[in-house]
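Per the UniProt record's numbering, residue 1 is the first one in the sequence shown, and the count goes up by one each step.
Ideal placement from N, C-alpha and C gives every residue a C-beta, glycine not left out.
To start, the structure itself, in structure tokens.
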Amino acid sequence: MEQTEAETMAGKVVERFKDLFHHLNADNAQGPLIDQVYQGDMVFEDSFHRIEGLSAFKDYCESVYENLDYCCFDFHQAWINQEDAMLIWSMRYVHPRLNRGKEITIEGSSHIRFDHKVYYHRDYFDGGKLLYEHIPVLGSVIQQLKKRMV
């Protein structure tokens, strides 16, 4: 079965998106990598933020990555349509002040909408597993609350 031009374009957008998050770091967040994937008027949302515009998104990425020792995304599955896609991933990262500097892994997904480039990006993940559970004192409180809920 042959792919339509729109399906081919959608696949390329998704591959550029995945490639970006395989290579993104604090040193290249202000460079052309992000420009190749996102439109200027893009919107990014996750459990903690809503960011509008490419410049603000670059600033956000730079500030997040400058505090990490490393961050790595492993993409497991993707459902791709002509104008949007859902990607399932695992993120591994090390932050020197979280989890005693040991690696943290969280599972999540990204919903992206695009027209040659991404104009909407929404990440879904457990904010507690990303951050709160790894903060001294607060992490143990959250763990106790989870145990009580079961």
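Go ahead and label residue 38 buried or exposed: buried means 16 or more other beta carbons lie within 10 angstroms of its beta carbon, across all protein chains shown.
-> With 16 or more other CB atoms across the displayed protein chains lying within 10 angstroms of its CB, residue 38 is buried.
Hey, residue 126 and residue 106 are a contact pair by Cβ (cut 8 Å); roughly how many whole angstroms apart?
-> The beta carbons of residue 126 and residue 106 sit about 6 Å from each other, so the pair counts as a contact at 8 Å.
For the beta strand (DSSP E) that contains residue 118, what are its first and last residues?
-> In this chain, the beta strand (DSSP E) harbouring residue 118 covers 117 to 125.
Relative to the C-alpha of residue 19, which residue among 115, 75 and 121 is closest?
-> Comparing Cα positions, the closest option is 75.
Tell me which same chain residues have a C-beta within less than 8 Å of the C-beta of residue 81, skipping the five on either side of it?
-> So the qualifying residues of the chain are 10.
Does DSSP classify residue 31 as helix, strand or coil?
-> Note: residue 31 maps to coil in three-state DSSP.
Round the Cβ separation of residue 118 and residue 17 to the nearest angstrom and send it over; I've been treating them as touching at under 8 Å.
-> Confirmed, about 6 Å.
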